[in-house]
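Heads up, the thing below is written out as structure tokens.
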Amino acid sequence: MVNSLITSHVSGARLRRGERVELAGKAWDSGAGIEAVEVSADGGQSWRDATLQRDLGRFAWREFRFDLDTSRPGPLNVAVRARSRSGAKQPDKLTPNPSGYHDNIVQTVSLEVA
Numbered sequence: 864m865v866n867s868l869i870t871s872h873v874s875g876a877r878l879r880r881g882e883r884v885e886l887a888g889k890a891w892d893s894g895a896g897i898e899a900v901e902v903s904a905d906g907g908q909s910w911r912d913a914t915l916q917r918d919l920g921r922f923a924w925r926e927f928r929f930d931l932d933t934s935r936p937g938p939l940n941v942a943v944r945a946r947s948r949s950g951a952k953q954p955d956k957l958t959p960n961p962s963g964y965h966d967n968i969v970q971t972v973s974l975e976v977a
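The opening residue of the sequence shown carries number 864 in this note's numbering; numbering runs sequentially from there.
Encoded structure:
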């Protein structure tokens with residue numbers, strides 16, 4: 864199982880147009896290690912690689928960072944997804960699980976540039 868989480872912003876946050884805004888978060892998996900984290904700022908239409916921070920070991924969170932484009936006013940529908948060194952990827956759709964555990968779908972936040 865591979866997962867990632869945005870830790871720097873929550874849905875509804877307002878960003879100032881033209882200011883540097885860094886999205887940050889953490890990614891982890893079941894021990895193979897995180898190979899990449901991708902970020903989409905257009906609701907999943909296109910994806911770009913985030914910058915991974917230092918690898919702290921097999922079972923440690925891997926921090927990532929990504930500069931958001933705030934040059935235009937309007938909504939930013941941001942999504943993040945991770946990929947492990949074993950090739951496992953975060954799913955786009957939730958796999959039903961009676962216990963409710965392993966909710967590792969791609970996380971999204973809705974931001975507003977004003």
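Ideal Cβ positions, reconstructed from N, Cα and C, are used throughout, including at glycine. Keep in mind the model is a prediction, meaning the values are calculated, not measured.
Under 8 Å Cβ to Cβ from residue i, same chain only, skipping five residues before and after it: list those, please.
{"i": "residue 956", "result": "968"}
{"i": "residue 880", "result": "933, 934, 935, 936, 976 and 977"}
Tell me the DSSP secondary structure of residue i in three-state form.
{"i": "residue 977", "result": "coil"}
{"i": "residue 866", "result": "strand"}
Rounded to whole angstroms, what's the CA-CA distance from residue i to residue j? Just pull it up for me.
{"i": "residue 903", "j": "residue 930", "result": "11 Å"}
{"i": "residue 943", "j": "residue 962", "result": "24 Å"}
{"i": "residue 869", "j": "residue 970", "result": "7 Å"}
{"i": "residue 938", "j": "residue 898", "result": "29 Å"}
{"i": "residue 918", "j": "residue 890", "result": "11 Å"}
Closer than 6 Å by C-beta to residue i: which residues in its own chain qualify, once you throw out the five before and the five after it? Chain order, please.
{"i": "residue 940", "result": "906 and 973"}
If residue i sits next to residue j, beta carbons under 8 Å apart, how far is it from one beta carbon to the other, in whole angstroms?
{"i": "residue 900", "j": "residue 927", "result": "4 Å"}
### Message
Could you tell me which whole alpha helix (DSSP H) segments of length 4 or greater appear in the region 876–958?
### Response
Runs of the alpha helix (DSSP H) inside the region 876–958: none found.
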